[in-house]
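One structure below.
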Amino acid sequence: MEDIYKLKPEQLPKALLEIPQPPKTLYIRGQLPDPNFVYLAVVGSRKFTSYGRDICEKLIHGLKGYPIVIVSGLAMGIDSIAHRSALDTGLITVSFPGSGLDNSALHPRSNIRLAQEIVDSGGCLLSEMDPSWKATLYSFPQRNRLMAGISKAVLIIEAEEKSGTLITARMALDYNRDVLAVPGSAFSSNSNGTNWLIKQGATPVTTSEEVLIALGFNIEKPKQTDAEKYADCSKEEMKIIELLREPIERDELVRASGMKIAEANALLSIMELKELIKEELGEIRKM
Numbered sequence: 099m100e101d102i103y104k105l106k107p108e109q110l111p112k113a114l115l116e117i118p119q120p121p122k123t124l125y126i127r128g129q130l131p132d133p134n135f136v137y138l139a140v141v142g143s144r145k146f147t148s149y150g151r152d153i154c155e156k157l158i159h160g161l162k163g164y165p166i167v168i169v170s171g172l173a174m175g176i177d178s179i180a181h182r183s184a185l186d187t188g189l190i191t192v193s194f195p196g197s198g199l200d201n202s203a204l205h206p207r208s209n210i211r212l213a214q215e216i217v218d219s220g221g222c223l224l225s226e227m228d229p230s231w232k233a234t235l236y237s238f239p240q241r242n243r244l245m246a247g248i249s250k251a252v253l254i255i256e257a258e259e260k261s262g263t264l265i266t267a268r269m270a271l272d273y274n275r276d277v278l279a280v281p282g283s284a285f286s287s288n289s290n291g292t293n294w295l296i297k298q299g300a301t302p303v304t305t306s307e308e309v310l311i312a313l314g315f316n317i318e319k320p321k322q323t324d325a326e327k328y329a330d331c332s333k334e335e336m337k338i339i340e341l342l343r344e345p346i347e348r349d350e351l352v353r354a355s356g357m358k359i360a361e362a363n364a365l366l367s368i369m370e371l372k373e374l375i376k377e378e379l380g381e382i383r384k385m
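Position 124, counted from 1, in the sequence shown is what our numbering calls 222; the numbers after and before it change by one each time, with no gaps.
Have a look at this one:
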């Protein structure tokens, strides 16, 4: 096992010095990521659903190749899935367990191997607790403030109405960090917390691109060829595309299509939803 040592004051991540109660002491096992990387905390329910697992893996896998550090708490459930997904994707991940960092105290015991993988992959474990400190009820909210404080944004995957996950979200708001939440089914208690957060102003996210934009990355979609763009178009849609060599008024386009007015207008509405065409200033053009 790697050595556990105290970070010197000048080694503390700057973001942690900005919060109201910065850590006086911070133990580390492993190495701190590049300070220029963007930290994203990913937290959620211990009793996750298959939906929570799948969306967590999907969102993190879509961050591949970006200078992003995934932060979580080593707990069972979404925390473990977030760490594992980061490792599988090749992203650095940092853990704040609610205990000391020595294997004799590390909580939960079932994640000792995962903790070692985090360190071996270039990440680290961080804790205010002495290395042999055993987890207590109050040590988890205490570490939650560090997870929120070190991160640019906190992504909530699943959370019940009353949960530690929402404590982290509230702390993130207090620290002026962005709160992102994955919307879920109204029939799932695991989504009550995330849906409530969205009502309170959290940013809803369902794609990796939305997460990247929230983190400040400039996302440019690769340009499609005409063959790729129109691959799924029907014959009627292709006829409209061919007529739009240049912008044209709706009435003129409908006449040129030879279709009945109601059918043509319905088709144009569908094509606009599919982002194939756009109507502005009284004219329709290809996108």
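Ideal placement from N, C-alpha and C gives every residue a C-beta, glycine not left out. From a predicted model like this one, the values you see are computed outputs, not experimental measurements.
Proximity winner among the options, relative to residue i (alpha-carbon distances)
i	options	result
Gly188	Leu199, Ile176, Lys162, Ser202	Lys162
Lys104	Thr123, Lys321, Thr305, Ser332	Thr123
Val330	Ile317, Ser148, Met369, Asp228	One detail in the question is off: residue 330 reads as Asp in this sequence, not Val. Closest option to Asp330, Cα to Cα, is Met369.
Gly356	Ser367, Arg343, Ile338, Leu371	Ile338
Leu365	Lys250, Met336, Asn290, Trp294	Met336
Trp294	Ala251, Ser261, Met245, Asp324	Ser261
Lys401	Met227, Ser287, Ala300	No statement about residue 401 is possible, as the shown extent of the chain runs from 99 to 385 and does not include it.
Pro302	Phe315, Leu278, Gly314, Gly282	Leu278
Pro229	Glu326, Phe135, Ala203	Ala203
Gln119	Leu253, Asp276, Glu226, Tyr328	Glu226
Pro121	Asp132, Glu108, Pro131, Pro133	Glu108
Val372	Glu378, His181, Tyr328	The sequence shown places Lys at residue 372, rather than the Val named in the question. Out of Glu378, His181, Tyr328, Tyr328 has the C-alpha closest to the C-alpha of Lys372.
Pro133	Leu157, Lys106, Ile166	Ile166
Ile179	Asn363, Lys333, Asp152	Asp152
Pro239	Glu259, Ala213, Thr266	Thr266
Cutoff 7 Å; reference residue i; Cβ partners in own chain excluding five residues on either side
i	result
Glu381	Pro345, Ile346, Glu347
Arg127	Glu100, Ile102, Leu199, Val217, Cys222, Leu223
Phe315	Tyr164
Buried or exposed (CB count within 10 angstroms, at least 16 for buried), residue i
i	result
Thr191	buried
Thr234	exposed
Ile359	exposed
Ala284	exposed
Tyr236	exposed
Lys112	exposed
Ser193	buried
Leu292	Reading off the sequence shown, one finds Thr at residue 292, where the question assumed Leu. Its Cβ being crowded by 16 or more others within 10 Å, Thr292 is buried.
Leu224	buried
Leu115	exposed
Gly247	buried
Thr263	buried
Arg182	buried
Ala325	exposed
Pro131	buried
Thr305	exposed
Check whether residue i and residue j have beta carbons under 7 Å apart
i	j	result
Arg241	Met269	no
Ala257	Ser148	no
Glu215	Leu185	yes
Gln129	Cys222	yes
Ile102	Leu199	yes
Val280	Ile255	yes
Pro206	Met174	yes
Ser249	Ala139	yes
Gly150	Ile176	yes
Ser208	Lys232	no
Val169	Tyr125	no
Arg275	Ala312	no
Ser289	Gly282	yes
Per DSSP, cross-strand counterpart(s) of residue i
i	result
Thr228	Just to set this straight, residue 228 is Asp in the shown sequence, not Thr. Beta-bridge pairing links Asp228 to no other residue.
Val277	Val252
Ile375	Lys384
Arg127	Ile102, Leu223
Thr191	Ile168
Thr147	Partner(s): none; Thr147 has no beta bridge.
Tyr236	According to DSSP, Tyr236 bridges with nothing at all.
Cβ neighbours of residue i in the same chain (closer than 8 Å, five flanking residues each side left out)
i	result
Leu342	Leu351, Ile375, Ile382, Arg383, Lys384
Leu253	Leu138, Ala139, Val140, Val141, Leu157, Leu278, Ala279, Val280, Val303, Val309
Leu110	Pro120, Pro121, Leu124
Lys333	none
Residues near residue i in its chain [Cβ-Cβ closer than 6 Å; skip 5 each side]
i	result
Leu310	Ile317
Glu307	Ile317
Leu172	Ser193, Pro195, Asn209
Minimum Cβ-Cβ distance from residue i to chain B less than 7 Å
i	result
Arg343	No chain B is part of this structure, which consists of one protein chain only.
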